[in-house]
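Visitor: First to last, the protein sequences are chains A and B. The first sequence runs 763 to 1254 under this note's numbering. The second sequence runs 271 to 753 under this note's numbering. Note that CB positions come from ideal geometry on N, CA and C, so glycine has one too. Note that the structure is predicted; figures quoted are calculated from it, not measured.
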Amino acid sequence: MADYVVSVGMEVHAELLTQSKMFCRCKVAFGGMPNTRVCPVCIGLPGTLPVPNRAAVEMVLKTALALNCTIAIDSVFHRKNYFYPDLPKGYQVSQYGDTNPIGYDGYLEIPTPEGGTKKIKIRRVHLEEDTGKLMHLPGGGSGVDYNRAGVPLMEIVTEFPPDIESPDDAREYLVQLRSLLVYLGVTDGKMAEGSVRCEPNISIREKGSTQYGTKTELKNLNSFRAVQLGVAFEAKRQAEVLESGGTVRQETRGWNEATESSFLMRTKESEQDYRYFPCPDLIPMHFSEEQIERVRSTIPELPLAKLQRYRADYALSDYDAGLLVADRDWAMFFEEALELGGEAKAICNWMNGDFAKMLNESGQGAMAGGKSHPERKTSLVRPEHLVDLAKLVSDATINGKMAKEIFAEVFDTGKMPSQIVEEKGLRQVTDTGAIASAVAEVLASNGSQVEAYRGGKESLIGFFVGQVMKKTQGRANPQLVQDELKKQLSGD
Amino acid sequence: MITQLTATEINTALRAKKVSVKEVTEAFLKRIENFDEEYGAYLALCPERALAEAEAAQAKIDAGDSGPLVGVPIAHKDNISTQGVETTCASKILQGYVPPYDATVVENCREAGMVLLGKTNLDEFAMGTSGENSALRLTRNPWDTDRVPGGSSAGSAAAVSAELACLATGSDTGGSIRMPASLTGLVGFKPTYGRVSRYGLVAFGSSLDQIGPFAKTVEDCSLFAEAMSGYDRKDSTSLQGSKISSADLKTGSLKGKKIALPRELFTDAIDPGVRESVEIAIDVLTREGVDFHEITLPSINYGVTTYYIIAPAEASSNLAKFDGVRFGSRVESTGHVEGFAATRGKLFGPEVKLRIMVGTYALSAGYYDAYYHRAQQVRGLMAAEFEQAFQEYDCILSPASPVTAFKIGEMVDDPMKLKLLDLCTIPANMGGFPSLSLPSSLAGDLPVGILLTGPVMGDEKLLQTAYNIDRALGRDYRRPPIL
Ligand SMILES: [Zn+2]
Chain A
763 MADYVVSVGM
773 EVHAELLTQS
783 KMFCRCKVAF
793 GGMPNTRVCP
803 VCIGLPGTLP
813 VPNRAAVEMV
823 LKTALALNCT
833 IAIDSVFHRK
843 NYFYPDLPKG
853 YQVSQYGDTN
863 PIGYDGYLEI
873 PTPEGGTKKI
883 KIRRVHLEED
893 TGKLMHLPGG
903 GSGVDYNRAG
913 VPLMEIVTEF
923 PPDIESPDDA
933 REYLVQLRSL
943 LVYLGVTDGK
953 MAEGSVRCEP
963 NISIREKGST
973 QYGTKTELKN
983 LNSFRAVQLG
993 VAFEAKRQAE
1003 VLESGGTVRQ
1013 ETRGWNEATE
1023 SSFLMRTKES
1033 EQDYRYFPCP
1043 DLIPMHFSEE
1053 QIERVRSTIP
1063 ELPLAKLQRY
1073 RADYALSDYD
1083 AGLLVADRDW
1093 AMFFEEALEL
1103 GGEAKAICNW
1113 MNGDFAKMLN
1123 ESGQGAMAGG
1133 KSHPERKTSL
1143 VRPEHLVDLA
1153 KLVSDATING
1163 KMAKEIFAEV
1173 FDTGKMPSQI
1183 VEEKGLRQVT
1193 DTGAIASAVA
1203 EVLASNGSQV
1213 EAYRGGKESL
1223 IGFFVGQVMK
1233 KTQGRANPQL
1243 VQDELKKQLS
1253 GD
Chain B
271 MITQLTATEI
281 NTALRAKKVS
291 VKEVTEAFLK
301 RIENFDEEYG
311 AYLALCPERA
321 LAEAEAAQAK
331 IDAGDSGPLV
341 GVPIAHKDNI
351 STQGVETTCA
361 SKILQGYVPP
371 YDATVVENCR
381 EAGMVLLGKT
391 NLDEFAMGTS
401 GENSALRLTR
411 NPWDTDRVPG
421 GSSAGSAAAV
431 SAELACLATG
441 SDTGGSIRMP
451 ASLTGLVGFK
461 PTYGRVSRYG
471 LVAFGSSLDQ
481 IGPFAKTVED
491 CSLFAEAMSG
501 YDRKDSTSLQ
511 GSKISSADLK
521 TGSLKGKKIA
531 LPRELFTDAI
541 DPGVRESVEI
551 AIDVLTREGV
561 DFHEITLPSI
571 NYGVTTYYII
581 APAEASSNLA
591 KFDGVRFGSR
601 VESTGHVEGF
611 AATRGKLFGP
621 EVKLRIMVGT
631 YALSAGYYDA
641 YYHRAQQVRG
651 LMAAEFEQAF
661 QEYDCILSPA
671 SPVTAFKIGE
681 MVDDPMKLKL
691 LDLCTIPANM
701 GGFPSLSLPS
711 SLAGDLPVGI
721 LLTGPVMGDE
731 KLLQTAYNID
741 RALGRDYRRP
751 PIL
């Protein structure tokens, strides 16, 4: 089999987190009864006119700036004309042209496995409106739900020739892009609900060839994993087609999550003519230097920069730092704990360990920026709890095992760890005299094991530690116990 | 008879308590009942709404409201959305469609205390010059019922002319107010693009469409334009500070006014009778001290061609929403696409289909640059040429229509000739300029219109000039020989 390289262009749509739709005042929400969030404008009744949502425009502007784009001087809306029942006006308001989208010629940096970064060039960041949803009715026939019609949609398209050259790249691009969009507060990032939708187009070519192969477009990918698997599957499928003497056809394929394979949706025999032209109902958007600077100043530290800073300043591993920055609220929690005097590595371990696990199991969310979690039940654990707990461990007031138990209680009750320690008298025994006598007692009552240890079975040290801890109800400092054990076992 | 009065006269009579709004409203409803069979002005009447609005208007008058149009019965062109009143655009595809909302102009008129009698006929989707393209009804010219009233706002012109409404709204995309005003002896005004909200007007050529008034006098026209105009946040192309003022209408003078006469609109393309009527007016006005200058505006010759690319292009997109899915009529078929084709194929009239096809072609990938893009460039040149002229002249004067009202059916076999009749009116839509048709002397027994076009936002000055010209021509409103 010849050696093939894969090239992936990414088209990502993100539903913007605005209160109202793109061109009317209907509410933006998920679910609900069909056609309950509609008005004459978004179902396209005759005579209605669009009024652009400024918040949506600024969200796209902010994203374009965060993606290092050039900002269009005058950006106009176009009409993309085609017929489909889910399209209320017979056209979609979108943006066409190379230098017309709100942002163009940008890039996104993604981390590489080698610890470096790679630039993925962005061709365009533009604003358009979503369509409705065609539904097949249970009793036969079909209906259209226009609740989604007119929801502001941002489209982000990568540049050709593509910089994404592997399934891992594709996944990482989407991970980083989604994370960035959530950081910017422009989308909720929920892939399963379709808030972020990704449609990669995939082609392969023989290694060394400069001729790009025919692309296939992949739809229905609603997780990072699906994107990675989908790209890999398509690359392999195309290679097999070529190897068996066939040619790759330009087509749109769907991803079947269950079988982890793609299937043919439709072939693209001829390019559809959308008859784009500037929408005469809308005036061109002009962005002033002041507006651009004002919006730029609202861009927070972005995930990759944060990750690099955590790695450099706190000596966190890529893995640990990656987990912390993946979610903006999570990173904020971490930073708040550090501001309260927490030690980075310890806070990180608590967060990525027990805390994350318990949040996950209980379905709760962590607070951030002093605010409760927007959607889930907010955990009682606040940054100061972790700071307190880590301090109790580092100054040896409690040992690690006790700390885990205390954390579980903090999680349930919201009590400060030091208060729990006081109330329950859980202070770790560090009195060497008390430890020495406990050790002596244990050795005295386990003569045969002592003999075996001295005969070379050193693994018994664990057994002795366990016995001493049992005797002290787990409160003895394990390090001191070990030291004392070794001393007494070798001393006689 | 109360129905013969101007809006100002009716309002005066109402405020003097010589008559009630209910009586005025009923008088018009009665006349419609008796005579609209003859003229075909209306597509729908809303007597209940009219009487309710009459009651509200009466309450305003009784409370001392000094609004100049309170209690005046009016009609809206049937491409303007009216809540609870069927709005068809004179098309089979919209039969049965009752909008759930009022257009902004409809709201504005109601707030000014006007009483809505009903909806008037038009060329289907406002596409036509003669008024003969309605899929639902034939409208006749009150001056001679064998003749066309002019289009597309045919029913509005006929309604006011035949005294079936005191005032009526129209929409003007390439002359659809001014052409029928000219052919029926009325004052018809297309304000500056953006001064009257388009919200609720069923779009034809969105960048050209503008709603405006039909009236018997310039004063009524100005007051009506004032009432319907104003910034509207629901229309993104609406202009700030767009309320038209009538405060200075009756001031100013013609002495020393510089008015341009474009050679391109005084050629053999203009009927001798029309030219004569306009030239008589020019003579009178010259004696009044108007400083006329012949100028040349060569881009006028490209107006009709340019218009018939841009307007259909926009229309082809604007009319895509008529698919039978959400409103109006539909023809059932096997699948979605088949259903669209069946509905649109059966329910759009021939002129609408023609323009959709022309527009679709002009916007298609291979032809966009050669047609739509080029047409927009010509449009830009045309606007620039006119703006240049407005640097030097107060306004431009020409005939409003090259012909007087012609016989119904006379031009059906020559659609190109018919389209060329929009020659004089099209430039104002291209540049968004305010433009008004004012009755001149009759040619034979038929009215002729003088067209005045001014610079953007120069609506008040243009109306003032029209008022003074009307006075100088020394004529009162001339009634047609109606029933
Ligand atoms: Zn809506």
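Any C-beta of chain A sitting closer than 8 Å to the C-beta of D593 of chain B?
Guide: At least one chain A Cβ lies under 8 Å of D593 of chain B.
Visitor: First and last residue of the alpha helix (DSSP H) that includes A320 of chain B?
Guide: A320 of chain B -> alpha helix (DSSP H) spans P317 to D332.
Visitor: With a threshold of 8 Å between beta carbons, is V770 of chain A in contact with chain B?
Guide: So, not an interface residue.
Visitor: Specify which residues have a beta carbon nearer than 6 Å to any heavy atom of ligand 1, listing them in chain order.
Guide: Any residue whose Cβ sits closer than 6 Å to a heavy atom of ligand 1 makes the list: A:K783, A:C786, A:C788, A:V800, A:C801, A:V803, A:C804 and A:G912.
Visitor: Checking contacts by CB at 8 Å: is H606 of chain B closer than that to chain A?
Guide: H606 of chain B counts as touching chain A.
Visitor: Would you kindly check if the distance between the Cβ of I872 of chain A and the Cβ of C831 of chain A is under 8 Å?
Guide: No.
Visitor: Going by DSSP in three states, C1110 of chain A sits in which element: helix, strand or coil?
Guide: C1110 of chain A: helix per DSSP, three-state reduction.
Visitor: Taking 8 Å as the threshold (beta carbon to beta carbon), is L392 of chain B in contact with chain A?
Guide: Judged by the 8 Å Cβ criterion, L392 of chain B is not in contact with chain A.
Visitor: Inspect the beta-carbon positions of V601 of chain B and T613 of chain B and report whether they are closer than 8 Å.
Guide: Yes; because the gap between Cβ atoms is below 8 Å, this pair is in contact.
Visitor: Quick check on N588 of chain B: buried or exposed, where buried means 16 or more other Cβ atoms within 10 Å of its Cβ?
Guide: With 16 or more Cβ atoms within 10 Å of its Cβ, N588 of chain B is classed as buried.
Visitor: Roughly how many angstroms lie between the CA atoms of C960 of chain A and A776 of chain A, to the nearest whole one?
Guide: Near 9 Å, if we compare the C-alpha coordinates of A776 of chain A and C960 of chain A.
Visitor: Using only the alpha-carbon positions, how far apart do G1228 of chain A and G1218 of chain A sit?
Guide: One C-alpha to the other measures close to 19 Å.
Visitor: Please report the straight-line C-alpha distance between E1220 of chain A and K1233 of chain A, rounded to a whole angstrom.
Guide: Cα to Cα, the separation comes out at about 21 Å.
Visitor: Any Cβ of chain B within less than 8 Å of the Cβ of L1004 of chain A?
Guide: It does not; no Cβ of chain B falls within 8 Å.
Visitor: Looking at the strands, I want to know which residues DSSP matches up with M1047 of chain A.
Guide: Per DSSP, A:S837.
Visitor: Leaving aside the five residues before and after V466 of chain B along the sequence, list all residues of the same chain whose C-beta is less than 7 Å from its C-beta, in chain order.
Guide: The residues are V375, Q480, I481, G482, M498 and S499.
Visitor: CA-CA distance, S1124 of chain A and A1118 of chain A?
Guide: Taking the straight line from one Cα to the other gives about 10 Å.
Visitor: Mind checking if A581 of chain B is an interface residue toward chain A, Cβ cutoff 8 Å exclusive?
Guide: Chain A contact via Cβ: absent.
Visitor: Can you give me the C-alpha to C-alpha distance between P750 of chain B and A432 of chain B, rounded to a whole angstrom?
Guide: Whole-angstrom Cα-Cα distance: 7 Å.
Visitor: Name the chain B residues whose beta carbon is nearer than 7 Å to that of P802 of chain A?
Guide: Per Cβ cutoff of 7 Å: P370 and Y371.
Visitor: Tell me whether the beta-carbon of S580 of chain B lies closer than 8 Å to the beta-carbon of G475 of chain B.
Guide: Sequence inspection shows Ile at residue 580 of chain B; the Ser mentioned does not correspond to that position. Cβ atoms of I580 of chain B and G475 of chain B: closer than 8 Å.
Visitor: Just by C-beta distance, which residues in the stretch 805–821 of chain A are closer than 8 Å to chain B?
Guide: For the stretch 805–821 of chain A, which is checked against every Cβ of chain B, the residues closer than 8 Å are I805, G806, L807, P808, G809, T810, L811, P812, V813 and P814.
Visitor: Using the three-state DSSP reduction, which class does D442 of chain B fall into: helix, strand or coil?
Guide: DSSP places D442 of chain B in strand when its eight states are reduced to three.
Visitor: Use the C-beta contact count for A635 of chain B: other C-beta atoms within 10 angstroms, 16 or more gives buried, fewer gives exposed.
Guide: Classification of A635 of chain B: exposed, given that the 10 Å Cβ count is below 16.
Visitor: What is the DSSP secondary structure of L1026 of chain A, counted as helix, strand or coil?
Guide: Strand.
Visitor: In the stretch 478–508 of chain B, which residues sit with their C-beta less than 8 Å from some C-beta in chain A, listed in chain order?
Guide: Correct list: R503, K504, D505, S506 and T507.
Visitor: Please classify R625 of chain B as buried or exposed, where buried requires at least 16 other C-beta atoms within 10 Å of its C-beta.
Guide: Buried.
Visitor: With distances taken from CA atoms, which of A:Y858, A:K952, A:K824 and A:P847 is nearest G594 of chain B?
Guide: With distances taken between Cα atoms, G594 of chain B lies closest to A:P847.
Visitor: To the nearest angstrom, how far is it from the Cα of L705 of chain A to the Cα of A818 of chain A?
Guide: Since the first residue shown for chain A is 763 and the last is 1254, residue 705 of chain A is missing from the structure and cannot be characterised.
Visitor: C788 of chain A by DSSP, collapsed to three states: which one?
Guide: Coil at C788 of chain A, not helix or strand.
Visitor: For a quick check, are the C-beta atoms of R410 of chain B and S707 of chain B less than 8 Å apart?
Guide: Taking 8 Å as the Cβ cut-off, R410 of chain B and S707 of chain B do not qualify as a contacting pair.
Visitor: Measuring CA to CA, which of B:G440, B:A283 and B:I739 is closest to T521 of chain B?
Guide: Comparing Cα positions, the closest option is B:I739.
Visitor: Please tell me whether F1173 of chain A has its Cβ less than 8 Å away from any Cβ of chain B.
Guide: Chain B, which has no Cβ nearer than 8 Å to the Cβ of F1173 of chain A, makes this no.
Visitor: Please determine, among A:M1047, A:G865, A:V800 and A:H1135, the residue with the shortest C-alpha to C-alpha distance to P850 of chain A.
Guide: Answer by Cα proximity: A:V800.
Visitor: In chain order, which continuous runs of the alpha helix (DSSP H) of length 4 or greater are located wholly inside the stretch 917–995 of chain A?
Guide: With a minimum length of 4 residues, the continuous alpha helix (DSSP H) runs that stay inside the stretch 917–995 of chain A are 929–946.
Visitor: Per DSSP, what are the beta-bridge partners of E1098 of chain A in this structure?
Guide: DSSP, once it has assigned bridges, lists no residue as partnering E1098 of chain A.
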